[in-house]
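Accompanying notes for the structure given below.
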Amino acid sequence: MARLKFLCDADRCIECNACVTACKNENEVPWGINRRRVVTINDGKPGERSISMACMHCTDAPCKAVCPVDCFYNTADGIVLHSKDLCIGCGYCFYACPFGAPQYPRVGNFGSRGKMDKCTYCAGGPEPDLTAAEYQKYGANRIAEGKLPLCAEMCSTKSLLAGDGEIIAAIYKERVLKRGYGSGAWGWKTAYRETIDV
Amino acid sequence: MTRTGHDRRWSARGIAAALTMLLALLLALPAATGSAFAQVNPTTEAVREEQLMQALDRVTGRVSIPDRKAATLIQVEGQEWRAYHERTLAWIGGIAILGMLAVLAVFFLVRGRIRTEAGPSGRTIVRFRWFERFVHWLTASCFVILALSGLNVAFGKSLLLPLIGPEAFSTFSMAAKYAHNYLSFPFTLGLVLMFFIWALRNIPSRVDVTWFAQGGGIVGKAHPPAGKFNAGQKMLFWLVILVGAAIAVSGYILLFPFYGTTIAGMQTAQVVHGLLGVLLTAVILGHIYIGTLGMEGAFDAMGNGEVDLNWARQHHSLWVAEEERKATVEGKRSVPPTAVPAE
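Protein sequence lines correspond, in order, to chains A and B. Following full-length UniProt numbering, the numbering of the first sequence begins with 1 at its first residue and continues without gaps. Following full-length UniProt numbering, the numbering of the second sequence begins with 1 at its first residue and continues without gaps.
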């Protein structure tokens, strides 16, 4: 069974934000929520790199561990999903998440949080696959259609890679060997407790 | 003359330089055809995750969306917070609460219920007027619900979830969250009112030293003198006020997320809130025990507000004396059942 992961090759990312837009459009993400974002490190300085970041679908996910109502679950592919029916909007997963992935729609005054929303790896939620209920709560389920997440699929420089961890790691490794440099697989150590050694 | 010499020398140097350049170009040619960009090496300049993590324990950059929190790419403090929330807090909370229950059970078995030694006198004295009782029960009822809903966040998924199933547990937890959020306001009001009505009576005095020296009458058979509040009650009062205030402040930080706080601030607020919450819960368990099961006649003080005179003489001798003095000054008979003001 594949272990699905994300890998952002920062040496290729041109900060075009197409992944962000693709995600918002494909999943009808509500206003104010960004399931994916592009962060630029050392902006305007030598060595500047941009990294597209969303939920990394961690191994032994911190969000899953701290959830007081245990609303997270793993798919057979290692994708971390959650149930919006069970979520109580406590905000704990955001405190635990290394990547700032969980987001909460504002449902009332002050800081009252609604049901948490995050990247689903375009794999929907606990509802039956490809139903209207699933789409309304979680967005697209491209995995059920045999497709990969749209953010990675339409990345113009193929900086953002999605797929089986071993395959995308091999692709990244090959690139680094060919071009002679690479700033590393951002977040892999934190998310998967492994790095790609070239 | 010197000028010509100089020129001559200059031209000689120029020729030498030209020759060196030509040589260098010839040597560099194969290398240049091999890799056109050999001079540019982005690896040496690229910002790397490990360096940033080692320097700051987090990676922060710039984002083009309004959410400032999104600029933090990776924060590893979340892992520490997770370890605290899942292990440290569970252990501390478990030991504090179960430990307190165990201590109380052992104490009850050893010491039994503390009786009024002289027996009931049949005459009562007003200990807490209606407003004092109202403030006590306002704070107390809020605290019970806040404590239970708080414990649900920490322990519910291990204890209650397997019993009632995910849907029912989630519905309950959602209701508990709202109760926890909204009851914080009357609880805080109760704390403020308690401070104003009881703070003066709870200022430590020399009598408290004797009280502690004699084990408060809890350990041993002594009945150390005490005013309206004994040293133990004073300690409880200040614990409730100070720890309660810290819990309230950290709770409001959590209730208004990211209003002037960062994620580190939110994590810290949660650590303080959870830790003090379980500790205060353990302390209050002791308070509930001594006010109900642990001591005969104690509940009346907060029940109907009137305590038996013999109970009052045994536990709060100085306070009774004070009340009697006040009654005489006011020209009334000594300690009539109802006409004595509580303070």
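The beta carbon of each residue, even a glycine, is placed where N, CA and C say it ideally should be. Model, not experiment: these values are computed from the prediction.
Residue i - DSSP class collapsed to helix/strand/coil
| i | result |
| --- | --- |
| residue 133 of chain B | helix |
| residue 172 of chain A | helix |
| residue 103 of chain A | strand |
| residue 193 of chain A | coil |
| residue 7 of chain A | strand |
| residue 72 of chain A | strand |
| residue 308 of chain B | strand |
| residue 164 of chain A | strand |
| residue 130 of chain A | coil |
| residue 29 of chain B | Low per-residue confidence applies at residue 29 of chain B: pLDDT is 49, beneath 50, and the placement is therefore not dependable, though the value from the model is reported in the following sentence. In this structure, residue 29 of chain B counts as helix in the three-state DSSP scheme. |
| residue 214 of chain B | coil |
| residue 77 of chain A | coil |
| residue 161 of chain B | helix |
| residue 17 of chain A | coil |
| residue 198 of chain A | coil |
| residue 321 of chain B | helix |
| residue 73 of chain B | strand |
| residue 292 of chain B | coil |
| residue 184 of chain B | helix |
| residue 2 of chain B | Caution applies to residue 2 of chain B, whose pLDDT of 42 falls short of 50 and renders its modelled position unreliable; the model cannot decide the point. |
| residue 34 of chain B | Confidence in residue 34 of chain B is poor, its pLDDT being 47 and thus under 50, which makes the residue's placement unreliable; the coordinate value appears in the next sentence. The answer is helix: DSSP assigns residue 34 of chain B an H, G or I state. |
| residue 339 of chain B | At residue 339 of chain B the pLDDT is 49, less than 50, meaning the model places this residue with poor confidence; the figure from the coordinates comes in the next sentence. Reduced to three states, the DSSP call for residue 339 of chain B is coil. |
Residue i: contacting residues in chain B (beta-carbon distance under 9 Å)
| i | result |
| --- | --- |
| residue 197 of chain A | Those within 9 Å of residue 197 of chain A in chain B number zero; the least Cβ separation is about 13 Å. |
| residue 175 of chain A | Here the premise fails: no neighbours, minimum Cβ distance about 13 Å. |
Listed by chain order, chain B residues near residue i by CB distance under 7 Å
| i | result |
| --- | --- |
| residue 86 of chain A | 166 and 170 |
| residue 40 of chain A | 61 and 62 |
| residue 53 of chain A | 73 |
| residue 135 of chain A | By Cβ distance, chain B contributes nothing, its closest Cβ being about 22 Å from residue 135 of chain A, past 7 Å. |
| residue 209 of chain A | The question about residue 209 of chain A has no answer, for chain A in this structure spans 1 to 198. |
| residue 76 of chain A | Near residue 76 of chain A there are no residues of chain B at all, since even the closest Cβ is about 20 Å away, more than 7 Å. |
| residue 65 of chain A | 82 and 86 |
Closest residue to residue i among the options (Cα-Cα distance)
| i | options | result |
| --- | --- | --- |
| residue 232 of chain B | B:140, B:243 and B:207 | B:207 |
| residue 229 of chain B | B:85, B:318, B:160 and B:277 | B:318 |
| residue 74 of chain A | A:160, A:87, A:47 and A:60 | A:60 |
| residue 85 of chain B | B:65, B:138, B:176 and B:150 | B:150 |
| residue 87 of chain B | B:307, B:158 and B:326 | B:158 |
| residue 63 of chain A | A:48, A:39, A:25 and A:116 | A:116 |
| residue 139 of chain B | B:153, B:284 and B:95 | B:284 |
| residue 255 of chain B | B:114, B:179 and B:314 | B:179 |
| residue 198 of chain A | A:88, A:134, A:36 and A:185 | A:185 |
| residue 191 of chain A | A:6, A:1 and A:146 | A:6 |
| residue 134 of chain A | A:89, A:147 and A:81 | A:81 |
| residue 139 of chain A | A:152, A:47 and A:118 | A:118 |
| residue 198 of chain B | B:241, B:325 and B:174 | B:241 |
| residue 223 of chain B | B:97, B:316, B:52 and B:103 | B:316 |
Per-residue contacts from residue i into chain A (C-beta, under 7 Å)
| i | result |
| --- | --- |
| residue 74 of chain B | 98, 99, 187 and 190 |
| residue 81 of chain B | 95 and 96 |
Partners in chain B for residue i, counting only beta-carbon separations shorter than 8 Å
| i | result |
| --- | --- |
| residue 46 of chain A | 45 |
| residue 139 of chain A | None at all; the shortest Cβ gap to chain B is about 18 Å. |
| residue 43 of chain A | 61 and 62 |
Chain E contact residues for residue i, given Cβ-Cβ distances below 8 Å
| i | result |
| --- | --- |
| residue 17 of chain A | Absent here is chain E; the protein component of the structure consists of chains A and B. |
Closer than 8 Å at the beta carbon, the chain A residues around residue i
| i | result |
| --- | --- |
| residue 173 of chain B | 68, 69 and 88 |
| residue 248 of chain B | Neighbours of residue 248 of chain B on chain A: none; closest Cβ ~16 Å, over 8 Å. |
| residue 70 of chain B | 34, 37, 39 and 100 |
| residue 57 of chain B | Within chain A, no residue comes near residue 57 of chain B; the closest Cβ sits about 11 Å away, beyond 8 Å. |
Residue i beta carbon near the ligand GTP (any heavy atom closer than 7 Å)
| i | result |
| --- | --- |
| residue 200 of chain B | Looking at this structure, you won't find the ligand GTP or any other ligand, since it has none at all. |
Quick check: the region 180 to 197 of chain B against the region 97 to 109 of chain A, are at least 3 beta-carbon pairs closer than 8 Å?
Taking 8 Å as the limit for Cβ pairs, the verdict is that the region 180 to 197 of chain B does not touch the region 97 to 109 of chain A.
Of the residues that make up the UniProt domain "4Fe-4S ferredoxin-type" (78 to 107) of chain A, which ones have a beta carbon closer than 9 Å to any beta carbon in chain B?
Listed in sequence order: 83, 85, 86, 87, 88, 89, 90, 91, 92, 94, 95, 96, 97, 98, 99, 100, 103 and 104.
Is there contact here, the region 116 to 132 of chain B with the region 172 to 186 of chain B, by at least three beta-carbon pairs under 8 Å?
Contact annotation: the region 116 to 132 of chain B does not touch the region 172 to 186 of chain B, with fewer than three C-beta pairs closer than 8 Å.
Any chance the region 121 to 128 of chain A sits against the region 166 to 175 of chain A, with 3 or more Cβ pairs inside 8 Å?
Pairwise C-beta distances place the region 121 to 128 of chain A out of contact with the region 166 to 175 of chain A, as fewer than three of them are shorter than 8 Å.
Taking contact to mean 3 or more Cβ pairs, one atom from each stretch, closer than 8 Å, check whether the region 89 to 100 of chain A and the region 74 to 87 of chain B are in contact.
At 8 Å Cβ cutoff, the stretches touch.
Touch test, the region 6 to 16 of chain A against the region 142 to 157 of chain A, Cβ-Cβ under 8 Å, three pairs minimum:
With the cut-off at 8 Å, the region 6 to 16 of chain A and the region 142 to 157 of chain A touch.
Within 8 Å, do at least three Cβ pairs link the region 2 to 11 of chain A to the region 172 to 183 of chain A?
The region 172 to 183 of chain A vs the region 2 to 11 of chain A: in contact.
Okay, do the region 28 to 46 of chain A and the region 62 to 77 of chain A touch, 3+ Cβ pairs below 8 Å being the bar?
Taking 8 Å as the limit for Cβ pairs, the verdict is that the region 62 to 77 of chain A does not touch the region 28 to 46 of chain A.
At least 3 beta-carbon pairs within less than 8 Å: the region 198 to 206 of chain B vs the region 216 to 223 of chain B
Result no; under three Cβ-Cβ pairs closer than 8 Å.
Do three or more CB pairs link the region 50 to 61 of chain B to the region 39 to 51 of chain A at distances below 8 Å?
Yes, the region 50 to 61 of chain B touches the region 39 to 51 of chain A.
If we count Cβ pairs, one from each stretch, closer than 8 Å, do we get three or more for the region 128 to 136 of chain B versus the region 291 to 307 of chain B?
The region 128 to 136 of chain B vs the region 291 to 307 of chain B: in contact.
Could you check whether the region 142 to 156 of chain B touches the region 319 to 331 of chain B, counting it as contact only if at least three pairs of C-beta atoms, one from each stretch, sit closer than 8 Å?
These segments do not touch.
Can you give me, in chain order, the residues of the region 139 to 161 of chain B that have a beta carbon less than 8 Å from any beta carbon in chain A?
Within the region 139 to 161 of chain B, the residues whose Cβ lies closer than 8 Å to some Cβ of chain A are 152, 153, 154, 156, 157 and 161, listed in chain order.
Does the region 271 to 278 of chain B come within contact of the region 89 to 108 of chain B, defined as at least 3 CB pairs closer than 8 Å?
Yes, the region 271 to 278 of chain B touches the region 89 to 108 of chain B.
Would you list, in chain order, the members of the region 251 to 277 of chain B that have their beta-carbon closer than 9 Å to a beta-carbon of chain A?
Here the close residues are 254, 255, 256, 257, 258, 259, 263, 266, 267 and 270.
Short-range partners of chain A found in the region 91 to 125 of chain B, where Cβ spacing is below 7 Å:
Those residues of the region 91 to 125 of chain B that come within reach of chain A (Cβ to Cβ, closer than 7 Å) do not exist; the list is empty.
Relative to chain B, which residues along the region 139 to 164 of chain A have a C-beta separation below 8 Å, given in chain order?
Taking 8 Å as the upper bound on Cβ-Cβ separation, chain B lies near no residue of the region 139 to 164 of chain A.
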